[in-house]
Structure formats: C-alpha cells, structure tokens
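Numbering (this note's numbering), first residue to last: 158 to 276.
Backbone N, C-alpha and C define an ideal beta-carbon position, used for all residues, glycine too.
Printed below as a string of structure tokens:
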C-alpha cells in the first residue's frame with residue numbers, strides 16, 4: 158500500500174476527529190465541493206473518484222473526466238473498469254456493472270445469515 162498514491166476525500170482537518178465532530182463539520186465543506194462540481198461542469202467534465210494503474214504506479218483520487226468518457230456515465234454504486242492495452246488503445250475494453258450497493262450488500266448479508274443458520 159505504501160506504493161499507492163491516495164488522495165483522500167476527507168479534509169485533513171477532519172481526519173482525526175470523533176464521528177460526532179466529523180458529522181457536525183461536514184456542512185462546512187459543502188461550499189468547496191459545490192465550487193468543484195460547478196468548475197467541472199463549466200469545463201464539460203464531471204468529478205469521479207478514479208483509480209489508475211499504470212507501469213508507473215497506482216493512483217487513487219478525484220479526477221475531472223470528460224462527459225463523453227465511460228467513467229462519466231457511472232450511476233450510483235456502479236463500478237467500471239477500462240482496459241487500455243496495445244490492442245485496445247483506440248477503443249478501450251470497458252466492463253461495467255453494479256457495485257456493492259444497498260441491494261447487493263443486503264443480499265450478501267442475507268446469504269451469510271442463511272448459511273450460518275443452516276450450518
């Protein structure tokens with residue numbers, strides 16, 4: 158993990174506070190988030206949390222992606238993987254689908270409970 162560059166979505170000032178302090182302070186970052194969203198919109202982009210893996214390393218962080226990008230079309234808890242290789246340079250291979258949203262997570266928990274009860 159020390160080789161992964163991670164940009165946290167949590168402001169530095171809120172990283173070491175209690176849960177209650179964190180929740181109370183969240184509204185204080187609304188204006189900066191609204192400004193970032195508006196700046197992205199003005200540049201025909203959207204904000205997405207993206208992980209990029211290259212030969213040079215791994216970086217996870219907020220990215221401004223063009224509206225035509227597959228990443229821009231993500232909705233809710235969907236996940237998306239884009240494979241760019243020598244053969245898929247012009248039209249990358251895109252795989253997308255549901256992530257662990259509320260329904261998927263609930264189904265997993267129910268499955269675990271049923272396995273425990275029937276064991």
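For residue j and residue i, the rounded distance between their alpha carbons
| i | j | result |
| --- | --- | --- |
| residue 208 | residue 218 | 7 Å |
| residue 192 | residue 170 | 19 Å |
| residue 271 | residue 263 | 12 Å |
| residue 188 | residue 198 | 15 Å |
| residue 167 | residue 234 | 19 Å |
| residue 203 | residue 273 | 43 Å |
| residue 205 | residue 220 | 5 Å |
| residue 180 | residue 186 | 11 Å |
| residue 210 | residue 216 | 7 Å |
| residue 173 | residue 276 | 41 Å |
Where residue i sits in the DSSP three-state scheme
| i | result |
| --- | --- |
| residue 237 | strand |
| residue 230 | helix |
| residue 270 | helix |
| residue 262 | helix |
| residue 253 | strand |
Close beta carbons around residue i, own chain, < 7 Å, minus the five adjacent residues each side
| i | result |
| --- | --- |
| residue 261 | 255 |
Sheet register partners of residue i (DSSP bridge)
| i | result |
| --- | --- |
| residue 245 | None; residue 245 has no bridge partner. |
Cutoff 8 Å; reference residue i; Cβ partners in own chain excluding five residues on either side
| i | result |
| --- | --- |
| residue 200 | 221 |
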